[in-house]
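Only one structure is covered here, and it is reproduced in the block below.
2 protein chains.
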Amino acid sequence: MPFVTNAVEIARREMAAINPPLADSFAKLILFLSDHPAAASALRGSNAPEVGSSEYLRRQAAGFSAARDPRSPQAPATVPDEMVSVILKEYFDIPEADLGRVKREHSLSMGAENLVGELLERYLASVLEPRGWIWCSGAMVKAADFVKPPLTAGAAWRLLQVKNRDNSENSSSSAIRTGTVIEKWHRTFSKRAGSNWAAFPDATLRAELSEEAFKAFVRNYLLALRNLRT
Amino acid sequence: MPFVTNAVEIARREMAAINPPLADSFAKLILFLSDHPAAASALRGSNAPEVGSSEYLRRQAAGFSAARDPRSPQAPATVPDEMVSVILKEYFDIPEADLGRVKREHSLSMGAENLVGELLERYLASVLEPRGWIWCSGAMVKAADFVKPPLTAGAAWRLLQVKNRDNSENSSSSAIRTGTVIEKWHRTFSKRAGSNWAAFPDATLRAELSEEAFKAFVRNYLLALRNLRT
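From first to last, the protein sequence lines are chains A and B. Going by our numbering, the first residue of the first sequence is number 15, and it counts up by one from there. Going by our numbering, the first residue of the second sequence is number 15, and it counts up by one from there.
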């Protein structure tokens, strides 16, 4: 599915209309996708516009911007299974009187877990975007969370896929066949404590990135969310 | 992959050697699989014997029996992500002093959740097996957890797939192409309280099955495990 010939200009114009500071990044991202259309995620839904069309660009501009809006941790909306409390009481000796509290805190813990991967992307974006990388917010690029344009015309783009943990599911890496190498990195290990910042693929940024700095980012982010809430 | 011609006899003999009370059920299950080889799960591993071979029958007999051994709830072995505690403290106001306890109870809750589906199969087996169904322990049959032999020769087998919850992932239903209908049932709903026992597919067994009886089964099962432990 080819992109319309003036895709980059349309992209810049669409983004300028809704979120001007993102116009340049978004236009660059569309430049990458129009050169590597196999890497472009399709939109969902039965009436979704074709990849690369003007309407596709308009919808992706909205998604790229909206995915950067603040998002709060939230307990899952699903109803807990009562049998879990039975097991906690009968096998793990949680007192009856504590079961409600344990259920609530377990639910909050799941909500927190569900947000860590996104907080990680936001933290990385805060450091990487001022250094030339583009955060692919809104999952527009298959198998990449960040891309970096080449410094010289004709050179290769860098593609980076990040995961919070070594056993998180990969996004569909196999679906992208662009001849471009995808660099991969994960923050934590499922089988041991510690973090993996020392192995971050962009060596020039390693000194800027750390678990402590991520924690500080998360604290500030959540504090800002709380201030919005009150 | 066809089954060896005397598969049912080999199956009966292999099971008689390791767990005699299961010999008849296992032989019947192999009769079903030799008639519907597309429904037979492959064994894993690089040296796995071919589906339907004598060695396959020997290994499946061991698996069918071993999957019925008692299994305790266990917290996941993975290392918790410390950022979850940061979020609980900074956004959900869990006091610092409680974070260790919350982490431990969250881990036990996940261990309990991971066991509910298996407890459900064990409970169902306790009611269904005396009524002619066979529990496909050890995941030998693709997309079915229970099968029921026909009462008259040449009639169809019944296949039943059970899930703990309406949003649990399906096993690979699409992989089975035997012309046999797979009946499906789930115990709970992700979006509302209550249970689904009234919709259990075998109408003759509905009166025997209930959430209360399942709970009593779980309590007894866990009590027996605790007695083994001490």
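Where a beta carbon is used, it is the ideal one built from N, C-alpha and C, also for glycine. Computed from a predicted model, the values in this text were never measured in an experiment.
Straight-line gap, residue 96(B) to residue 22(B) (C-alpha atoms, nearest Å): 53 Å
Can you check whether the CB of residue 222(B) is closer than 9 Å to the CB of residue 93(B)? no
C-alpha distance - residue 113(B) paired with residue 118(A), whole-angstrom precision: 14 Å
Would you list the residues sitting across from residue 196(B) in a DSSP beta bridge? 173(B)
Mapping DSSP to helix, strand and coil, what is residue 58(B)? coil
Using a Cβ cut-off of 8 Å, pull out every chain A residue sitting near residue 224(B), in sequence order please. By Cβ distance, chain A contributes nothing, its closest Cβ being about 13 Å from residue 224(B), past 8 Å.
Would you mind stating whether residue 146(B) and residue 162(B) have Cβ atoms separated by less than 9 Å? yes
What separation, rounded to the nearest whole angstrom, lies between the Cα atoms of residue 240(B) and residue 229(A)? 41 Å
Which of the three DSSP states, helix, strand or coil, is assigned to residue 147(B)? coil
Thinking just about the alpha-carbon of each residue, which of 105(B), 200(B), 51(B) is nearest to the one in residue 135(B)? 200(B)
Please confirm if the stretch 68-79 of chain B is in contact with the stretch 174-185 of chain B, defined as three or more CB-CB distances below 8 Å between the two stretches. no
For residue 25(B) and residue 40(B), which I take to be in contact (beta-carbon distance under 8 Å), what is that distance rounded to the nearest angstrom? 5 Å
Roughly how many whole angstroms lie between the Cα atoms of residue 105(B) and residue 127(A)? 13 Å
List the residues of chain B that residue 203(A) touches, going by C-beta distances under 8 Å, in chain order. 93
Starting from residue 93(A), trace the alpha helix (DSSP H) in both directions and tell me its first and last residue. Where residue 93(A) is concerned, there is no enclosing alpha helix (DSSP H), given that its DSSP letter is neither H nor E.
Determine whether the Cβ of residue 32(B) lies closer than 9 Å to any Cβ atom of chain A. no
Ignore the nearest five residues each way along the sequence and tell me which others in residue 120(A)'s own chain have a CB closer than 7 Å to its CB. none
To the nearest whole angstrom, what separates the beta carbons of residue 152(B) and residue 53(B), a pair I think is in contact under 8 Å? The pair is not a contact, with the Cβ atoms about 14 Å apart (cut-off 8 Å).
With DSSP collapsed to three states, give me the class of residue 86(B). coil
Under 9 Å (Cβ pairs) to chain A, residues found in the stretch 125-138 of chain B: 125, 126, 127, 129, 130, 133, 134
Please confirm if residue 148(A) has its CB atom under 9 Å from at least one CB of chain B. no
Could you give the C-beta distance for residue 143(B) and residue 85(B), rounded to a whole number, given that I count them as a contact under 8 Å? Not a contact, Cβ separation roughly 18 Å.
Exposed or buried, residue 83(A), counting other C-beta atoms within 10 Å across all chains shown (16 or more means buried)? exposed
Nearest residue (CA-CA) to residue 101(B), options 242(A), 233(A), 165(A), 243(A): 233(A)
Is the shortest distance between the beta-carbon of residue 183(A) and the beta-carbons of chain B less than 9 Å? no
Alpha carbon to alpha carbon, what distance is there between residue 124(A) and residue 43(B)? 40 Å
Residues, ordered as in the chain, of the stretch 210-241 of chain A that lie near chain B by beta-carbon distance below 8 Å: 228, 229, 232, 233, 236, 237, 239, 240
Nonlocal neighbours in the same chain, by C-beta distance under 7 Å from residue 150(B), ignoring five residues either side: 43, 158, 159, 160, 161
Under three-state DSSP, which class holds residue 19(B)? coil
Assign residue 162(B) to one of three DSSP states: helix, strand, or coil. strand
Neighbouring residues, chain A, relative to residue 110(B) (Cβ below 7 Å): Neighbours of residue 110(B) on chain A: none; closest Cβ ~13 Å, over 7 Å.
Within its chain, find whatever has a CB closer than 7 Å to the CB of residue 212(A); leave out the 5 residues flanking it on each side and keep chain order. 220
Starting from residue 176(A), find everything on chain B with Cβ-Cβ shorter than 9 Å and list it in chain order. Simply none; closest approach about 14 Å.
According to the Cβ coordinates, are residue 36(B) and residue 154(B) closer than 9 Å? no
Provide the residue span of the alpha helix (DSSP H) that contains residue 122(B), from first to last. 113-142
Use the C-beta contact count for residue 202(B): other C-beta atoms within 10 angstroms, 16 or more gives buried, fewer gives exposed. buried
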